[in-house]
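Chains as they are written, first to last, in this note's numbering: chain A, 1 to 93; chain B, 1001 to 1409. Beta carbons are placed, not taken as given, at the ideal position from N, Cα and C, and that holds for glycine. I have placed the structure first, in the form of structure tokens, so that the comments after it can refer back to it.
Shown next as structure tokens:
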């Protein structure tokens, strides 16, 4: 966070959309990996991602916003059983 | 029952009616409340004003005091002028939200009709409720009479919304003794109240979609302490604002207010420090004892948070022995809250009075003129012997006397 000498009273943030600047990707222990060969672009992962970290371009799932992905794994769990295009890997590996 | 039309003449009003009437005259944008004895009739009467269309207030009926304060916080963050009232367990249930209100710097005004806390359950006067909230970041004003409660509530709006303060304010009056007893009260005209409180212009509004903002965001090691420091500085500034608003109120309406009231204090050898209605009883004892030539006096704090330690020390520096009477025990094993504050404030003096703590009147137990006189006699004994025998003690403990009034249960 940038240094500010006099932050606004009561912690009010005087503009909107600031959650984008908060890089929750720092929290991640497991990283989602997409297998492009298997993905059917049903976009269920895009719907369920709590951090809006699934990137979709022209109706196609193209990858993850790793600045915001917390690695919760909901996308991998919800990816249809017959598809299993997303796997979670240890960040450390 | 609603009192109308409002007149400048003296009228007989209970404390709660006067508070409800002050709220009507202030005409807040939002009020959210949940009924609890003895504050119930404040909201009951105010809801009549709402139903009659006498105010523009949006009255939100909620399912608990926690929700009442939560709704007040939301409405205040939306930019509304917000007021509520509660007592005892109600204030206790608001606890975590009290800290949210002050931390978010929301100028909410709350009337606390002082009542004891359970257990045992008790509905009568006691300051344990507001004293428990004394460190929640709310400015606290205490009221001896119906008149003071009415005047304090009107001033509370100005204090809370002052740009140098922006903190919630709690106005306290004694349950039943003040809230349900009828006293002569001089009212202001609606227009006078409106002109005095002025229009509330919030710096931010949650409903201002052209300028979206976030309220109550998380801060961690990086900024939390900075916000608390701001809050602490605002609380210190509140003292001068209370004085300025009290002076202006006096200039406009003839009833000036300060940080505390001294009664026969200037030449007093011994003095009692006591809050709210019991100060009136103490004054009666002083009048009697002064006739006997005994130099006794009173200091009745009006502003308890922030605590005006310098001014109180200055006012008590000529007194030789002081008794701090608390209608609440802090269960510290070291006396009541007023005692520890006053005694600490006096430490800065080169020559300090002796100070003792006496806990009295819990759960509505009567504090009589003879009780005040007995404390003064104890103080004279301290002067005579030059030492304090009993630093902390409960008084008004004689149960047989209370039972004879039929007030037991």
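Contact check for residue 1167 (chain B) against residue 1213 (chain B) fails: the beta carbons are separated by 7 Å or more. For residue 1321 (chain B), the uninterrupted beta strand (DSSP E) run begins and ends at 1321-1326, by DSSP. Residue 1058 (chain B) and residue 1029 (chain B) have their C-alpha atoms roughly 6 Å apart.
With the rule of 3 Cβ pairs closer than 8 Å, the stretch 79-90 of chain A does not count as touching the stretch 1135-1152 of chain B. A contact between stretches requires three or more CB pairs, one per stretch, nearer than 8 Å, and the stretch 1319-1339 of chain B meets this requirement with the stretch 1352-1360 of chain B.
If you keep only unbroken beta strand (DSSP E) runs of at least 3 residues inside the stretch 1260-1322 of chain B, you get 1260-1263, 1270-1273, 1296-1301 and 1303-1305. Of all residues in the stretch 6-26 of chain A, only 7, 9, 10, 11, 12, 13, 14, 15, 16 and 18 place a beta-carbon less than 7 Å from a beta-carbon of chain B. Taking 7 Å as the threshold, the shortest C-beta distance from residue 1229 (chain B) to chain A does not fall below it.
The shortest C-alpha to C-alpha distance from residue 1017 (chain B) to any of B:1159, B:1047, B:1009 and B:1031 is the one to B:1047. Excluding five sequence positions before and after residue 45 (chain A), the CB atoms of its chain that fall closer than 7 Å to its own CB belong to 54, 61, 75, 78, 79 and 86, given in chain order.
A Cβ-Cβ distance of about 25 Å is found for the pair residue 1079 (chain B) and residue 1232 (chain B), leaving them out of contact under the 8 Å criterion.
In the three-state DSSP reduction, residue 24 (chain A) falls in the helix class (H, G or I). Rounded to the nearest angstrom, the gap between the Cα atoms of residue 1337 (chain B) and residue 1278 (chain B) is 16 Å.
If you check the CB distance, residue 1281 (chain B) and residue 1382 (chain B) do not come in under 7 Å.
The alpha carbon of residue 1276 (chain B) has as its nearest neighbour, out of B:1286, B:1375, B:1301 and B:1256, the alpha carbon of B:1301. DSSP, reduced to helix, strand and coil, places residue 1031 (chain B) within a strand of the structure shown. For residue 1221 (chain B), the secondary structure class from DSSP, reduced to helix, strand or coil, is coil. Against residue 1336 (chain B), chain A offers no close residue; the least beta-carbon distance is about 32 Å (beta-carbon pairs closer than 9 Å). At least 7 Å separates the CB of residue 1290 (chain B) from every CB of chain A.
Residue 1153 (chain B): member of the alpha helix (DSSP H) spanning 1146-1161, first to last residue. Scanning chain A for C-beta atoms nearer than 9 Å to the C-beta of residue 1214 (chain B) yields 11, 12, 13, 14, 15, 16, 18 and 19, reported in chain order.
Using a 10 angstroms sphere on the CB of residue 1138 (chain B), the tally of other CB atoms reaches 16 or more, which defines it as buried.
Checking the DSSP bridge columns, you'll see residue 1183 (chain B) partnered with B:1013. Beta-bridge partners assigned by DSSP to residue 88 (chain A): A:32.
Counting along the chain, residue 1058 (chain B) sits inside no alpha helix (DSSP H); it lies in the beta strand (DSSP E) bounded by residues 1058-1061. Rounded to the nearest whole angstrom, the C-alpha separation of residue 1312 (chain B) and residue 1127 (chain B) is 20 Å.
About 4 Å separates the CB atoms of residue 1175 (chain B) and residue 1125 (chain B); that is less than 8 Å, so the two are in contact. DSSP places residue 1376 (chain B) in the uninterrupted alpha helix (DSSP H) bounded by 1369-1385. Counting along the chain, residue 1176 (chain B) sits inside no beta strand (DSSP E), nor does DSSP assign it H or E at all. Contact annotation, residue 1273 (chain B) with residue 1258 (chain B): C-beta distance approximately 15 Å; criterion of less than 8 Å not satisfied. Proximity of residue 1264 (chain B) to chain A, defined by a Cβ-Cβ separation below 7 Å, is not satisfied.
Judged by DSSP in its simplified three-state form, residue 1190 (chain B) adopts helix. With its beta carbon at least 7 Å from every one in chain A, residue 1080 (chain B) lies outside the interface. Cβ-Cβ distances below 6 Å link residue 1049 (chain B) to 1024 and 1055 in the same chain, with the five nearest sequence neighbours on each side left out; the list follows chain order. At a cut-off of 7 Å, the C-beta of residue 1243 (chain B) has no neighbouring C-beta in chain A.
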